[in-house]
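Have a look at the structure below before the remarks.
Numbering (the working numbering), first residue to last: 421 to 710.
What follows is the structure in structure tokens.
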């Protein structure tokens, strides 16, 4: 059923938008000069914090649609979620301090960059605890490196689109290369073979096209395709289980009548929320620009 895919769809949206958001502070930390920092600030600001709505939607729809899977979630997964929440709160405070304090000292921008890249690494542990319970330290490190590399690739691809330069293109190549290395480290797990194969093929095509053409939108578009391929591979690998090897979609899902109510309410809510998010984003951007 469509409603079973909602948590994954929202997670994918957050993965894409959050990846861009978490990588952009690195450009500020590199300090390319006052004019460069102003250019970056026009595209990265507290307005991006609205993307956290997709993380909330992913978690809440998962709990609403698959209530019977919640008791099966490990304490490790809950602890990683708690750490993620703390880091997101610290990051939000730093963003507000930096942008409403006229960029603040360089040390704060560097701290923001470090925290921002730690968040995808921690969130990746949440996903790992769900898809590969009892994973080794090597797997945890691999997926952390992969998440950081993916954030770098997405943010560099986005920035190369709005302001093409050699630095952003090099970071994009470095990010995708790091992601491929991280995925190769996960390939030793038989039940992740399909995911790694599909993802590595997508990344290889993206890197090849990156060498052959200098189109400014290619890095971002190709990285988005890689993310979709990665999520699709995980969904295929996970099927038919919500918590891999423990409970299936049909066993964990709430009743059909409740699912219909959730879906109707969600559609009605999104009709109101999505335009509001765009409006909030535009208001915040206009306020900061002024």
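From the three backbone atoms N, C-alpha and C, an ideal C-beta is built for every residue, glycine too.
Burial state of residue i (16 or more Cβ within 10 Å)
i, result
"residue 698", "exposed"
"residue 476", "exposed"
"residue 485", "buried"
"residue 660", "exposed"
"residue 612", "buried"
"residue 487", "exposed"
"residue 637", "exposed"
"residue 545", "buried"
"residue 548", "buried"
Which listed residue (the options) has its alpha carbon closest to that of residue i
i, options, result
"residue 438", "644, 660, 663", "644"
"residue 444", "624, 659, 696, 578", "578"
"residue 655", "688, 422, 428", "428"
"residue 448", "480, 503, 532", "532"
"residue 609", "584, 562, 626, 647", "562"
"residue 602", "569, 614, 631", "569"
"residue 595", "614, 564, 483, 548", "564"
Other residues of its chain near residue i: CB distance less than 6 Å, five sequence neighbours each side excluded
i, result
"residue 588", "576, 579, 580"
"residue 677", "none"
"residue 471", "437, 438, 441"
Whole-number beta carbon distance between residue j and residue i, since they are thought to touch under 8 Å
i, j, result
"residue 514", "residue 528", "6 Å"
"residue 623", "residue 600", "5 Å"
"residue 525", "residue 571", "The pair is not a contact, with the Cβ atoms about 24 Å apart (cut-off 8 Å)."
Short CB-CB distance (under 9 Å) between residue i and chain D
i, result
"residue 470", "The structure shown contains no chain D, having only a single protein chain."
Same chain only: Cβ atoms within 7 Å of residue i, ignoring 5 sequence neighbours per side
i, result
"residue 649", "618, 619, 622"
"residue 474", "430, 433, 434, 437"
Neighbourhood of residue i by C-beta distance below 8 Å, restricted to the same chain and skipping five residues each side
i, result
"residue 663", "489, 492, 493, 550, 553, 672"
"residue 640", "574, 577, 578, 580, 581"
4 or more residues per run - each alpha helix (DSSP H) lying fully within the stretch 469-536: 472-485, 495-519
Length at least 3, wholly inside the stretch 614-681: the beta strand (DSSP E) runs in chain order: Segments of the beta strand (DSSP E) lying fully in the stretch 614-681: 661-663.
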